[in-house]
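Note sheet for the following structure.
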Amino acid sequence: MLIRAYSINTYKSNNPAAVRDFVMSEIKNDPTSLCVFGLQEIDVGAVRSGNVNALEVIAGGDALNGGLPQFFARSIAFDGSGEVLAPHASGDNASLFEYGIGLVASHPIAQAERVALGPNEALFWQRSTPPDFYDWETEPRTAIIANMITPNGSLWVINTHLAYSPDRSVRSPLRAMQIEALLAAAKEIIPPNVPTIVMGDFNATVANPDLEPLFKQFKIRTPKGPTYTNGRGTNAQIDYICSHGLTPLPPMTAVAASFSDHKIVRALFKF
12 MLIRAYSINT YKSNNPAAVR DFVMSEIKND PTSLCVFGLQ EIDVGAVRSG NVNALEVIAG
72 GDALNGGLPQ FFARSIAFDG SGEVLAPHAS GDNASLFEYG IGLVASHPIA QAERVALGPN
132 EALFWQRSTP PDFYDWETEP RTAIIANMIT PNGSLWVINT HLAYSPDRSV RSPLRAMQIE
192 ALLAAAKEII PPNVPTIVMG DFNATVANPD LEPLFKQFKI RTPKGPTYTN GRGTNAQIDY
252 ICSHGLTPLP PMTAVAASFS DHKIVRALFK F
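As structure tokens, then:
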């Protein structure tokens with residue numbers, strides 16, 4: 012069985028319809044493969060992305076009404092402008108929306124869990140008071156750990172979006188803690204020696220010490236060249252797809268997308 016795994020940073024869900032068109036096209040072009048899409052920067056109910064549930068748009072509807080199998084994991088609440096909600100702004104007058112990560116698949120998702128990678132959101136709000144809304148060392152992040160039952164057996168998929176830091180080649184205590192929490196959750200939830208895919212925007216270069224524990228347990232695949240090119244001179248390879256118990260197949264690609272400042276990373280596996 013062929014598995015196609017995609018890591019897609021949607022850039023603030025600015026054009027979920029375009030992401031949907033890509034997802035549907037990939038599934039249509041190879042309907043016999045299992046396609047699974049790890050999505051980052053997913054908005055639910057945000058003014059900036061049209062007050063829609065971006066994951067449902069990408070999936071072609073909610074799962075109960077014709078949409079693809081899907082799962083959303085909230086990372087943090089924002090106000091309608093995209094700024095972080097400080098405690099004084101979290102009352103009835105605040106325009107709340109959720110921001111996080113998602114998973115969409117061509118085949119049924121049997122089980123999915125949201126894993127908080129800490130610190131918690133309350134601590135983030137407490138420290139993120141004006142004028143410094145963005146305190147990166149307390150920004151909460153999450154992961155999705157999901158199970159899919161295939162004709163060839165059980166497949167586990169992990170999607171995440173780790174902490175940002177200005178220099179992605181330098182160790183971040185927060186990101187290192189998030190990797191530790193991610194691996195601990197995977198060990199607790201996923202049975203030993205079961206085929207697993209780990210993907211996402213790790214916000215760290217491949218040589219960053221933060222990622223060493225991950226790469227010791229999972230085989231990393233990297234495309235050629237940067238996966239993040241924001242047009243302001245910042246180019247970095249920070250989006251990866253890793254695996255355990257699967258046979259990697261060529262090619263691994265990173266394709267530019269009109270809706271994102273990241274490239275879409277795609278990897279093929281034989282199961």
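Per my numbering, the very first residue in the sequence shown carries number 12; after that it's consecutive. All residues carry an ideal CB built from backbone N, CA and C; glycine is no exception. All of these numbers come straight from a predicted model, not from anything done at the bench.
So, using beta-carbon positions, are residue i and residue j closer together than 8 Å?
{"i": "I208", "j": "T153", "result": "no"}
{"i": "I38", "j": "F82", "result": "no"}
{"i": "S18", "j": "D250", "result": "yes"}
{"i": "I252", "j": "M210", "result": "yes"}
{"i": "T240", "j": "D272", "result": "yes"}
{"i": "R31", "j": "I69", "result": "yes"}
{"i": "A197", "j": "I231", "result": "no"}
{"i": "P224", "j": "E191", "result": "yes"}
{"i": "L107", "j": "Q189", "result": "no"}
{"i": "A57", "j": "S24", "result": "yes"}
Report buried or exposed for residue i, applying the criterion of at least 16 other Cβ atoms within 10 angstroms of its Cβ.
{"i": "A187", "result": "buried"}
{"i": "A195", "result": "exposed"}
{"i": "L279", "result": "buried"}
{"i": "K281", "result": "exposed"}
{"i": "P202", "result": "exposed"}
{"i": "Y110", "result": "buried"}
{"i": "S176", "result": "buried"}
{"i": "D221", "result": "buried"}
{"i": "V47", "result": "buried"}
{"i": "E67", "result": "buried"}
{"i": "Q122", "result": "exposed"}
{"i": "V181", "result": "exposed"}
{"i": "K227", "result": "exposed"}
{"i": "V205", "result": "exposed"}
{"i": "T171", "result": "buried"}
{"i": "N214", "result": "buried"}
{"i": "T245", "result": "exposed"}
{"i": "T43", "result": "exposed"}
{"i": "A174", "result": "buried"}
Measure the C-alpha to C-alpha separation of residue i and residue j and round it to an integer number of angstroms.
{"i": "N62", "j": "R85", "result": "16 Å"}
{"i": "V168", "j": "V55", "result": "22 Å"}
{"i": "S139", "j": "E150", "result": "Low local confidence applies: a pLDDT of 49 at S139 is under 50, so the model's placement there is unreliable, and no value is given."}
{"i": "T216", "j": "G49", "result": "19 Å"}
{"i": "A265", "j": "S117", "result": "21 Å"}
{"i": "G78", "j": "E52", "result": "20 Å"}
{"i": "L166", "j": "P184", "result": "31 Å"}
{"i": "A65", "j": "N20", "result": "12 Å"}
{"i": "V34", "j": "P259", "result": "21 Å"}
{"i": "L45", "j": "P80", "result": "12 Å"}
{"i": "M12", "j": "G236", "result": "29 Å"}
{"i": "A16", "j": "S254", "result": "10 Å"}
{"i": "L261", "j": "V276", "result": "Reading off the sequence, residue 261 comes out as Pro, not Leu. If you take the alpha carbons of P261 and V276, they lie about 13 Å apart."}
{"i": "D41", "j": "I14", "result": "10 Å"}
{"i": "N76", "j": "D178", "result": "43 Å"}
{"i": "H99", "j": "I87", "result": "Residue confidence is low: H99 scores 39 on pLDDT, short of 50, so the model does not pin down where it sits. Its coordinate-derived value is still stated next. Approximately 16 Å between the Cα atoms of the pair."}
Enumerate in chain order the residues of its own chain whose CB-to-CB distance from residue i is below 8 Å, with the five nearest sequence positions on each side excluded.
{"i": "S269", "result": "N26 and A29"}
{"i": "Y22", "result": "E52, F270, S271, D272 and H273"}
{"i": "A218", "result": "S180"}
{"i": "F229", "result": "T207, V209, C253, S254 and H255"}
{"i": "D60", "result": "At residue 60 the sequence reads Ser, which differs from the Asp that was named. These residues qualify, in order along the chain: K23, S24, N25, P27 and D54."}
Please work out which residues of its chain come closer than 6 Å, Cβ to Cβ, to residue i, disregarding the five sequence neighbours upstream and downstream, and give them in chain order.
{"i": "M263", "result": "R232, P234 and A278"}
{"i": "G72", "result": "G78"}
For residue i, which residues of its own chain have a beta-carbon under 7 Å away from its beta-carbon, when the five flanking residues on both sides are left out?
{"i": "G256", "result": "N204, V205, P206 and T207"}
{"i": "A267", "result": "K274"}
{"i": "T238", "result": "Q248, I249, D250, A265, H273, K274 and V276"}
{"i": "P162", "result": "M12"}
| Sequence ranges, beta strand (DSSP E) only - wholly within the segment 228-280, length at least 3 | With a minimum length of 3 residues, the continuous beta strand (DSSP E) runs that stay inside the segment 228-280 are 230-232, 250-255 and 258-266.
| request: Output the residue ranges of the beta strand (DSSP E) runs that lie fully inside the segment 185-228 and measure 3 residues or longer, sorted by chain position. | output: With a minimum length of 3 residues, the continuous beta strand (DSSP E) runs that stay inside the segment 185-228 are 207-212.
| task | Tell me the start and end of each unbroken alpha helix (DSSP H) in the segment 46-80 that is at least 4 residues and wholly inside, in chain order. | result | Under the rule that a run must span 4 or more residues, the alpha helix (DSSP H) segments found entirely inside the segment 46-80 read 65-69.
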